[in-house]
DNA sequence: CGTTATGACTTTCAAAAAGAAAGTGACTAG
DNA sequence: CTAGTCACTTTCTTTTTGAAAGTCATAACG
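Chains as they are written, first to last, in our numbering: chain A, 1 to 143; chain B, 144 to 286.
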């Protein structure tokens, strides 16, 4: 619960230079991708909103993951009030780029785990458009 | 290191019915996806081959993850010798369907983490062809 | 002024998981 | 008979988790 690092270059945690291994250094745990999901799909911004997520984050874990994600450059926090200072969190481009990973996990879960909820029609395309289509030249996937 | 479950229906571990949350119940840790990577991309089959992976699995962790993946139906083990019985491991269709998740992690890692190795040209398409194009009727991506 | 409430964390601590290393069982080779 | 190998399993110490309580700044109430 204490050590953190930027993890922006390979091998920082003693692993190989494999992009999968290095990506897992950031999101290879039970909670981190759920925080990203809440920020990306569910429009949550504040600590309290995230705490009310259906997943029931332990508060210390949530605080820790937000810090790690900030250190890794996947999210930024900005003060929305002073005295006491409170922050709102939002994903950076590096964070929203996680979308394709989330999307494939949704598709895999829907296909292979009974009882998982399916996003409404067009939901994923909407985000793909917004995130991938909106910021970069698009390219891969779907013609 | 002891409890295991099939986790083939949602909510088994007290989480929401979200497909991301439920997929993370299976692969939301540091090692599991690396084992799948070794089986899927690197052609490893035997316990000893997996142990020689660049990631350096602790042997007890590797044994545990293989069991969990088998319980979840992502891999099967088959004996390749008797006395003593030894097994070889290979992914099921449910396991190889993880490919798109791995692919997106490779792309994300290559884009955002300096120093990660890039697969050779055509590598991912090759697998997409083999796995997605080969087993199901799906999109066939280019004839 | 004193008390209660709220939001956003932080600290504490018991329990669970990870990980290093040594052990086990069934052989095979020398 | 002794040493070596493969595929795990067990033991044990360290680290991480996670439930719950605590903290801090401020607002609202009486």
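For each residue, glycine too, the CB sits at the ideal point set by N, CA and C. As the structure is a computational prediction, the values presented were derived from the model and not from experiment.
DSSP state of residue i mapped onto helix, strand, coil
i: residue 86 (chain A); result: strand
i: residue 177 (chain B); result: helix
i: residue 19 (chain A); result: helix
i: residue 152 (chain B); result: strand
i: residue 48 (chain A); result: helix
i: residue 4 (chain A); result: No answer about residue 4 (chain A) holds up, because its pLDDT of 46 lies below 50 and its placement is not dependable.
Limits of the unbroken alpha helix (DSSP H) element including residue i
i: residue 67 (chain A); result: 59–71
i: residue 267 (chain B); result: 266–270
i: residue 44 (chain A); result: That residue, residue 44 (chain A), is in no alpha helix (DSSP H); it is neither H nor E in DSSP.
i: residue 109 (chain A); result: 99–112
i: residue 239 (chain B); result: 236–239
For residue i, the nearest candidate out of the options (CA to CA)
i: residue 214 (chain B); options: B:168, B:245, B:227, B:253; result: B:168
i: residue 16 (chain A); options: B:174, B:165, B:159; result: B:174
i: residue 256 (chain B); options: A:121, A:94, A:57, A:49; result: A:94
i: residue 104 (chain A); options: A:125, A:55, A:90; result: A:125
i: residue 68 (chain A); options: A:89, A:80, A:79; result: A:89
i: residue 208 (chain B); options: B:171, B:229, B:242, B:222; result: B:171
i: residue 19 (chain A); options: B:262, B:185, B:271; result: B:262
i: residue 131 (chain A); options: A:116, A:109, A:9, A:96; result: A:96
Straight-line gap, residue i to residue j (C-alpha atoms, nearest Å)
i: residue 36 (chain A); j: residue 92 (chain A); result: 11 angstroms
i: residue 189 (chain B); j: residue 218 (chain B); result: 13 angstroms
i: residue 195 (chain B); j: residue 202 (chain B); result: 10 angstroms
i: residue 206 (chain B); j: residue 33 (chain A); result: 25 angstroms
i: residue 199 (chain B); j: residue 21 (chain A); result: 12 angstroms
i: residue 223 (chain B); j: residue 229 (chain B); result: 6 angstroms
i: residue 40 (chain A); j: residue 221 (chain B); result: 42 angstroms
Boundaries of the beta strand (DSSP E) in which residue i is found, first to last residue
i: residue 198 (chain B); result: Per DSSP, residue 198 (chain B) belongs to no beta strand (DSSP E) and is neither H nor E.
i: residue 75 (chain A); result: 75–81
Using a Cβ-Cβ cut-off of less than 7 angstroms, give me the residues of the stretch 160–181 of chain B that come near chain A, in sequence order. 160, 161, 162, 163, 164, 165, 166, 167, 171, 172, 173, 176, 177, 180
Using a Cβ-Cβ cut-off of less than 9 angstroms, list which residues of the stretch 245–262 of chain B approach chain A; keep chain order. 245, 246, 247, 248, 249, 250, 251, 252, 253, 254, 255, 256, 257, 258, 259, 260, 261, 262
Where the stretch 49–66 of chain A meets chain B: residues whose CB sits under 9 angstroms from a CB there: 53, 54, 55, 56
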